[in-house]
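Here the structure is laid out as structure tokens; the discussion comes afterwards.
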Amino acid sequence: MTTPPTEPVGRTPITSAADIDLNDWNFWGLPDEDRERAFRLLRDLDTPAFFPEPEFTFAGTPQGPGYHALVRHADILEASRNPEVFCSGDGGATNIPDLPAEFAEYFGSMINMDDPRHARLRRIVSRAFTPRMIKQFESDVDAAASRIVDELLETGPGCDFVTEVAAKLPLKIICDMMGIPAKDYQFVFDRSNIVLGATDPEYVSDREDIAHALLTAGMELQQLVQDLAALRMDTPTDDLTSSLVNANIDGEQLTAQELGSFFILLVVAGNETTRNAISHGLRLLTLNPDQRRLWLEDFEGRAPRAIEEIVRLAAPVNYMRRKVTRDHEMNGNLYREGEKVLLYYWAANRDERVFDDPLRFDILRDPNPHVGFGGPGPHFCLGAHLARREITAMFRELLRRVPQIEAGEPERLLSSFINGIKHMTCEF
Ligand code: HEM
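Heads up: the sequence shown runs through residues 61 to 488, numbered per the numbering used here.
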């Protein structure tokens with residue numbers, strides 16, 4: 061993690077790949093067009109660009125070796141399929157510098173692990189997502205989306221679409237799944253903003269405080285789930301926390317630390333990503349009225365492809381990291397043991413080698429082999445089905461009841477990891 065700028069972000073003229081510095085916070089504040097041009101230049105390189113390790117603000121962690129920026133679809137597919145060479149453990153997948161030991165307690169969840177530990181955890185948690193539970197949440201998603209649009213109509217135009225609409229649905233669903241009461245929604249929302257938005261001054265104002273803020277948010281979320289887990293051990297209900305603390309599936313059970321870090325992963329992964337997909341989705345429909353008309357003509361029939369197209373262009377998770385476990389050649393390039401690679405999903409989803417006219421928002425796009433939910437491999441998004449369901453429910457309600465709703469200019473999150481929109485007004 062580098063220290064983000066305290067000055068307003070300016071435009072850096074980028075005319076060749078040599079002008080691009082993915083460690084420069086100014087880069088991540090550039091408008092979409094500039095980011096698109098830059099990643100196209102990177103994709104056109106024969107060998108992926110290599111960047112030194114960013115300046116690191118956590119004390120006591122040695123400077124790492126730097127990273128290769130994988131920006132082509134083919135590289136991301138192959139690296140994802142080959143976790144023995146491109147691993148998620150050994151320092152983590154959600155960060156460029158290795159996670160310091162004290163972070164593992166809160167953020168050392170399965171996304172930052174390799175098999176067999178990863179497989180064991182994934183087996184336990186995915187069995188807890190029983191068909192009955194998923195079914196139950198599917199009807200809850202529709203009802204919650206409908207209530208959010210009721211409230212939007214009461215609030216009226218000019219409000220912040222991100223906080224009033226996009227953020228509410230995933231927050232409510234993930235909290236309900238876990239059994240977190242409504243009074244704690246805001247608490248969870250604020251902490252998950254810190255975990256994924258710590259580099260943005262709106263969420264952590266003191267630049268020196270990022271590590272401390274992350275640890276505090278992690279600790280507070282863990283405390284919340286541990287209190288809840290204690291209640292559910294005595295009096296189980298039909299929520300996910302109850303099944304995780306009580307169900308001893310094939311003799312396997314989560315430890316208290318595993319439960320805490322899984323919970324943090326779930327609230328963070330389940331909230332921010334879907335929220336940003338919904339916000340980007342409204343922005344895309346606003347910029348492309350022909351696509352909105354097309355979708356309105358046959359909402360249900362066109363929804364599955366439209367949702368994939370939103371996730372392709374939104375790519376809410378910009379990258380995941382892998383570490384190279386042994387010298388390895390991939391697509392003509394050599395990766396050395398101990399080096400890191402960053403899988404830039406956002407860039408791969410715009411790869412002109414795979415997608416026709418990749419910058420065009422085309423709700424009928426087929427095939428659409430985007431990697432917004434990750435590449436094919438053991439870490440493919442556990443919540444993809446739920447996310448698709450939530451995004452569909454939100455747009456169904458919006459396009460049925462406020463079909464002309466339009467997005468204003470987005471205020472973007474200053475982050476290299478999440479392609480986030482913090483605020484965005486809406487008019488209707
Ligand atoms: C549009 C919404 C979403 C996007 C774009 C997204 C994206 C991703 C990506 C790119 C990964 C791959 C990580 C890797 O390969 O290292 C991932 C993993 C994961 N996602 Fe999602 N996600 C979304 C929604 C959700 C939701 C709603 C949940 C929870 C209910 C969720 C839970 C997870 C979990 C637990 C993992 C880790 C899986 C593992 O390591 O085995 N995600 N997600």
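In this text, a Cβ means the ideal position worked out from N, Cα and C, and glycines have one as well. Remember, predicted model here, so these are calculated numbers, not experimental data.
Residue nearest to residue i in terms of C-alpha spacing, selected from the options
i      : options                           : result
PHE8   : ILE481, PRO436, SER76 and ARG386  : Look at the range of the chain in this structure, 61 to 488, and you will see that residue 8 is not part of it.
GLY398 : LEU342, VAL384 and PRO143         : VAL384
PRO438 : ARG183, ALA273, GLY278 and PHE455 : ARG183
PRO108 : ASN391, HIS430 and ARG425         : ASN391
PRO296 : GLU162, ARG449 and GLY239         : GLY239
ALA277 : GLN286, ILE324 and ALA374         : ILE324
LYS400 : THR190, ALA139 and ASP106         : ALA139
ARG352 : ASP299, GLU389, ASP298 and GLU466 : GLU466
ASP106 : PRO91, GLU96 and ALA77            : ALA77
GLU332 : ALA205, LEU473, ARG456 and TYR395 : LEU473
VAL8   : VAL305, THR485, VAL285 and VAL225 : For the chain, the structure presents residues 61 to 488; residue 8 sits outside this window and is missing.
GLU211 : SER339, SER302 and ARG461         : ARG461
Residue i CB to nearest heavy atom of ligand 1 below 7 Å
i      : result
VAL371 : yes
PRO217 : no
GLY443 : yes
SER252 : no
LEU231 : no
MET170 : yes
TYR405 : yes
LEU489 : The requested residue 489 is not part of the displayed model; the chain covers only 61 to 488.
ARG141 : no
SER43  : The question about residue 43 has no answer, for the chain in this structure spans 61 to 488.
PHE99  : no
ARG183 : no
PHE323 : no
SER148 : yes
ALA153 : yes
MET380 : yes
ALA363 : no
GLY239 : no
LEU300 : no
ILE234 : yes
THR334 : yes
PHE455 : no
PRO296 : no
HIS178 : yes
PRO438 : yes
ALA226 : no
Burial state of residue i (16 or more Cβ within 10 Å)
i      : result
GLY480 : buried
ARG71  : Confidence in ARG71 is poor, its pLDDT being 48 and thus under 50, which makes the residue's placement too unreliable to answer from.
GLN283 : exposed
LYS243 : exposed
SER476 : buried
GLY432 : buried
PRO122 : exposed
ASP294 : exposed
ASN409 : buried
LEU419 : exposed
TRP88  : buried
ASP299 : buried
THR215 : exposed
Backbone CA spacing between residue i and residue j [nearest angstrom]
i      : j      : result
LEU319 : LYS232 : 20 Å
THR154 : TRP406 : 15 Å
LEU458 : TRP85  : 35 Å
MET173 : ARG381 : 12 Å
GLY151 : GLU412 : 32 Å
GLU369 : THR346 : 15 Å
GLN317 : GLU280 : 13 Å
GLY434 : HIS133 : 11 Å
PRO65  : GLY257 : The predicted model places PRO65 with a pLDDT of 45, which falls under 50 and marks its position as unreliable, so this point remains unresolved.
ILE507 : ASN83  : Because the chain in this structure spans residues 61 to 488, residue 507 falls outside the shown range and cannot be described.
SER148 : ILE171 : 7 Å
PRO68  : SER265 : Residue confidence for PRO68 is low, a pLDDT of 40 falling below 50, so the modelled location carries little weight; the figure read from the coordinates is stated next. Their backbone Cα atoms lie some 14 Å apart in a straight line.
ALA179 : GLU115 : 33 Å
ALA366 : ARG425 : 8 Å
ALA129 : ALA273 : 28 Å
ASP358 : ILE423 : 11 Å
ARG100 : VAL248 : 37 Å
THR62  : PHE440 : Because THR62 sits at a pLDDT of 39, beneath the cut-off of 50, its placement in the model cannot be relied upon, and the point is left open.
PRO436 : ALA271 : 32 Å
Residue(s) in a DSSP beta bridge with residue i
i      : result
TYR404 : TYR379
ASP387 : Paired residue(s): none; ASP387 is not in a bridge.
ILE481 : ARG472
ALA467 : CYS486
ASN393 : MET390
Any non-hydrogen atom of ligand 3 within 7 Å of residue i CB
i      : result
VAL377 : This structure lacks ligand 3; its bound ligands are ligand 1.
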